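Visitor: As given, the protein sequences belong to chains A and B, one line each in that order. Going by the working numbering, 60 is the number at position 60 of the first sequence; the sequence numbering is gapless. Basically the working numbering = 1-based index in the second sequence + 1000. For glycine and all other residues, C-beta sits at the position ideal for the given N, C-alpha and C. From a predicted model like this one, the values you see are computed outputs, not experimental measurements. Could you have a look at this structure, given as structure tokens, before my questions?
Protein chains: 2
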Amino acid sequence: MSSDATRIGVLGGGQLGQMLGLAAIPLGLECVFYDPAPASPARMVGRHECAAWDDHDALARFADAVDVVTFEFENVPAASLEFLAARKPVRPGVRSLELTCDRVREKEFLRSVGVPVQPFAALASAQDLDLALATVGPHGVLKTRTLGYDGKGQRVVKSAEELAPAWDALGRAPCISEAFVPFDREVSVVAARALDGSTAVYPLVENLHTRGILFRSVAPARVPDALADAARAHARRVLDGLGHVGTLALEMFVADGTLIANEIAPRVHNSGHWTIRGARTSQFENHMRAVAGLPLGDTSMDGPAAMINLIGGLPATREILAIEGASAQLYGKEPRDGRKVGHINLVARTRDELDRALADAEALARRVNRLS
Amino acid sequence: MSSDATRIGVLGGGQLGQMLGLAAIPLGLECVFYDPAPASPARMVGRHECAAWDDHDALARFADAVDVVTFEFENVPAASLEFLAARKPVRPGVRSLELTCDRVREKEFLRSVGVPVQPFAALASAQDLDLALATVGPHGVLKTRTLGYDGKGQRVVKSAEELAPAWDALGRAPCISEAFVPFDREVSVVAARALDGSTAVYPLVENLHTRGILFRSVAPARVPDALADAARAHARRVLDGLGHVGTLALEMFVADGTLIANEIAPRVHNSGHWTIRGARTSQFENHMRAVAGLPLGDTSMDGPAAMINLIGGLPATREILAIEGASAQLYGKEPRDGRKVGHINLVARTRDELDRALADAEALARRVNRLS
């Protein structure tokens, strides 16, 4: 028998936890999911420790029950993480969380490892407004430094006059002001790093968001090879710079033929869901392999692949399966406006075949999706 | 939402149940597994009704909790099945079980649908011995009509004199005497049939058994196309003849360039485990789709694939994952001599690549396997 970690504690029990659990079981790994929500989708694939984030008895019980701790969302309360890190290895490390949960530190880190970012400025008090304008220019996006996701906690700023009111609208929380990037495409790289420092990088993905929520991912992105190679090299720099163990996603813009990093998700990511069917090893399996101290798996594809999110509503499963090359991934969540409740994965032998399936899948998703 | 069945009751909670459950969750299906063994591997992926086969309270509770009943092993006690069939649809139907749980009726059925079988004779009393010898010849295999698996309940007979002692050794149970087939290869076809009668047939598989237990499956089998096509047509005849709903496997011999059917497994089958990684849709997913009344998925492959069984022992997981194109499927069972505890799936782009990986995987398995 292996001496590697076999009992994996996962902080968060949403759909990412569920897909991690599905990948863990064939590897002989047992998962315990820590999540305060009783109806956590991950409860179907492991034990569910249903308790508050500040319940030290439950956290101690959780730590005792596992060999290693990981997470499926980056907004784990710092005190809970500290409590656990004192008891069991946390993978990826606390550094991956610290450098990505704050948008200013994240951008500074990206710049420090040679990954290009747009001009940005921190906004902590009214005195910072002028400097922010001078650095970033009048056209930008104002975002809270922490706790933002799916377009929440953001305001677009289109002129110098709009900056102060936008900041007011965000409750004068500590913010980052970022220069607007007139991008041609949104892309991401999903990549994993093992405990021994080896890395596995997936092909570049092209993403389409609708009202701040990911709607579609297609892999490989149709960009020049040199650009895709550069993007994947950036992801490796991020993995190594963080000393990351596990999967992460680096989201970037393509503007005028160059890459500008937008943000890091220090975990398995929605833009990597296509890997479940489209890659030799899924992002979820590679995350679990890394966390358990196992070698990473092949990230290559046998043909083009795509993913369409189902948000706020579900079609009949048979409608999904009627689409050529489609598979269904449903999370078992009650549909609610703006809530991701499943996705459609598509695999094909040619790009034309994929495009035909995409048209069908997008039409189906648009019919049922309810954004908030 | 779909009006199809979403709560699936599975009789048996072994590794086949576990893999059915893993396939069911992404489809939005919930499984309840009925199995008297507390440590059933399927308990990780669904609710486990742990009760005896004759516990009518538990069976009634199980029937109430599900929309449809299926099974992962064919030796479900007839009375339990009858009890459940009176309450909920059983898929595949009772006919699939009745015609395959008895080796004589099975062979008669195969012959009746035009699938070639070797000469055989039923053996119920001492008077049948002479007729059996006349029909089958002196070189044959004697098997109990029911309850045999993995080579258990069988005796090879090499001369007329050996028949009576072989029957004595099998406790004079009702038997089938089958002519010995000097086969070149053992092959199988895994195939599924949906509720609407449509079928999905996987590529022909070549199998290698060691002491009656499957050791290796390779797909596609290296036989002439016409033979593979004939084998797949036989599987369709079996599916239609049974009115089967779900996955089954038809095991055959190739002898002198022709096919001779050996037996039907009316369920997902070990020789189809490679489909988890090697086919667009796994045998487990297609079984669950069929049982839930959903359309079947694509059975095609992107490259050659194989499976090596781990029996009675496990290597370190990292040793499996170090093999090119390998993935691990571990069942969470305590290793015991002769017990299937996991398998290695291999995918490759070329047959040469597969053969290299096979050599590594077979060497690893032979090192740890303990047959009984």
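DSSP has Asn-1309(B) in a bridge; who is on the other side?
Guide: Bridge partners of Asn-1309(B): His-1343(B).
Visitor: State the DSSP-derived secondary structure class of Ala-1124(B), mapped to helix, strand or coil.
Guide: Note: Ala-1124(B) maps to coil in three-state DSSP.
Visitor: Among Ala-1039(B), Gly-1293(B), Gly-1153(B), Ala-1265(B), whose alpha-carbon lies nearest the alpha-carbon of Lys-1107(B)?
Guide: Lys-1107(B) has its Cα closest to that of Ala-1265(B), out of Ala-1039(B), Gly-1293(B), Gly-1153(B), Ala-1265(B).
Visitor: Are the region 245-255 of chain A and the region 180-198 of chain A touching, with three or more C-beta to C-beta distances below 8 Å?
Guide: At 8 Å Cβ cutoff, the stretches touch.
Visitor: Could you tell me which chain A residues have their CB closer than 8 Å to the CB of Ala-1065(B), listed as they occur along the chain?
Guide: What Ala-1065(B) touches in chain A: nothing, since even the nearest Cβ is about 15 Å away.
Visitor: Buried or exposed for Asp-1054(B), going by 16 or more other Cβ atoms inside 10 Å?
Guide: Exposed, since its Cβ has fewer than 16 Cβ neighbours within 10 Å.
Visitor: For the beta strand (DSSP E) that contains Arg-1172(B), what are its first and last residues?
Guide: From DSSP, Arg-1172(B) is part of no beta strand (DSSP E); its letter is neither H nor E.
Visitor: From Gly-293(A) to Ser-198(A), what does the alpha carbon distance come to, in whole angstroms?
Guide: Between Gly-293(A) and Ser-198(A), the C-alpha separation is close to 11 Å.
Visitor: Are the CB atoms of Leu-11(A) and Val-76(A) within a distance shorter than 8 Å?
Guide: Going by C-beta atoms, Val-76(A) is nearer than 8 Å to Leu-11(A).
Visitor: For chain B, find out if any of its Cβ atoms is closer than 8 Å to the Cβ of Asp-4(A); answer yes or no.
Guide: Taking Cβ atoms only, chain B reaches closer than 8 Å to Asp-4(A), which makes this a yes.
Visitor: Which class does Thr-6(A) belong to by DSSP, given the choice of helix, strand or coil?
Guide: In the structure shown, Thr-6(A) sits in coil (DSSP, three-state: anything other than H, G, I, E or B).
Visitor: Near Ala-1024(B), which residues of its chain fall below 7 Å by C-beta distance, leaving aside the five closest residues on each side in sequence?
Guide: Excluding sequence neighbours, Ala-1024(B) sits near Ile-1008, Cys-1031, Met-1288.
Visitor: Would the region 348-366 of chain A count as touching the region 299-315 of chain A if we require 3 or more Cβ pairs under 8 Å?
Guide: Touching, yes, given that three or more Cβ pairs across the two stretches are closer than 8 Å.
Visitor: Are the beta-carbon atoms belonging to Ala-1348(B) and Gly-1297(B) less than 8 Å from one another?
Guide: No, the pair does not count as a contact, with Cβ atoms beyond the cut-off.
Visitor: Can you look up Ala-1219(B) in the DSSP assignment and give me helix, strand or coil?
Guide: DSSP places Ala-1219(B) in strand when its eight states are reduced to three.
Visitor: Roughly how many angstroms lie between the CA atoms of Val-1190(B) and Arg-193(A), to the nearest whole one?
Guide: Their Cα atoms are separated by approximately 37 Å.
Visitor: Is Gln-1329(B) close to chain A, meaning its C-beta is less than 8 Å from at least one C-beta of that chain?
Guide: So, interface residue.
Visitor: Measuring CB to CB, does Gly-1013(B) end up less than 8 Å from Ala-1042(B)?
Guide: The answer is yes: Cβ separation under 8 Å.
Visitor: Is the Cβ of Leu-195(A) closer than 8 Å to any Cβ of chain B?
Guide: Output row for Leu-195(A): interface = no.
Visitor: Using the rule of at least 16 other Cβ atoms within 10 Å of the residue's Cβ for burial, across every protein chain shown, is Gly-140(A) buried or exposed?
Guide: Buried, by the Cβ-count rule.
Visitor: What residues of chain A sit near Gly-1012(B), judged by a beta carbon separation below 8 Å?
Guide: Residues of chain A passing the Cβ test: none, with the nearest at roughly 17 Å.
Visitor: Anything in the region 296-314 of chain A with a Cβ closer than 8 Å to a Cβ of chain B? List those residues in chain order, please.
Guide: From the region 296-314 of chain A, only Gly-297, Asp-298, Asp-302, Gly-303, Leu-314 have a Cβ closer than 8 Å to chain B.
Visitor: If you measure beta-carbon to beta-carbon, which residues of the region 1022-1038 of chain B are closer than 7 Å to chain A?
Guide: Within the region 1022-1038 of chain B, the residues whose Cβ lies closer than 7 Å to some Cβ of chain A are Leu-1022, Ile-1025, Pro-1026, Leu-1027, Gly-1028, listed in chain order.
Visitor: Helix, strand or coil for His-209(A), going by three-state DSSP, please let me know.
Guide: Here His-209(A) sits in strand by DSSP.
Visitor: Hey, does Gly-1009(B) have any beta-carbon neighbour from chain A nearer than 8 Å?
Guide: Judged by the 8 Å Cβ criterion, Gly-1009(B) is not in contact with chain A.
Visitor: Quick check on the burial criterion: 16 or more other C-beta atoms within 10 angstroms. Buried or exposed for Arg-1091(B)?
Guide: Answer is buried; the Cβ neighbour count reaches 16.
Visitor: Mind checking which residues open and close the alpha helix (DSSP H) that includes Ala-249(A)?
Guide: No alpha helix (DSSP H) holds Ala-249(A); the beta strand (DSSP E) holding it covers 246-255.
Visitor: Using only alpha-carbon positions, find the residue among Val-218(A), Leu-214(A), Gly-246(A), Val-205(A) that is nearest to Arg-373(A).
Guide: Lying outside 1 to 372, the shown extent of chain A, residue 373(A) is not represented and no answer is given.
Visitor: Does DSSP classify Gly-278(A) as helix, strand or coil?
Guide: Of the three classes helix, strand and coil, the one that applies to Gly-278(A) here is helix, per DSSP.
Visitor: With a threshold of 8 Å between beta carbons, is Val-45(A) in contact with chain B?
Guide: Closer than 8 Å: yes.
Visitor: List the residues of chain B whose Cβ lies closer than 8 Å to the Cβ of Val-347(A), in chain order.
Guide: What Val-347(A) touches in chain B: Arg-1280.
Visitor: Are the C-beta atoms of Leu-208(A) and some chain B residue less than 8 Å apart?
Guide: Not an interface residue.
Visitor: Considering only the alpha carbon of each residue, which of Asn-345(A), Ile-176(A), Pro-295(A) lies closest to Met-307(A)?
Guide: Cα-wise, what sits closest to Met-307(A) is Asn-345(A).
Visitor: How long is the line joining the alpha carbons of Val-1115(B) and Ser-1372(B), rounded to whole angstroms?
Guide: The alpha-carbon atoms of Val-1115(B) and Ser-1372(B) are separated by roughly 33 Å.
Visitor: Just curious, the alpha helix (DSSP H) that Glu-82(A) is in, first and last residue?
Guide: That run of the alpha helix (DSSP H) goes 78-85.
Visitor: Mapping the DSSP letters down to three states, classify Ala-1051(B) as helix, strand or coil.
Guide: If DSSP states are grouped into helix, strand and coil, Ala-1051(B) belongs with coil.
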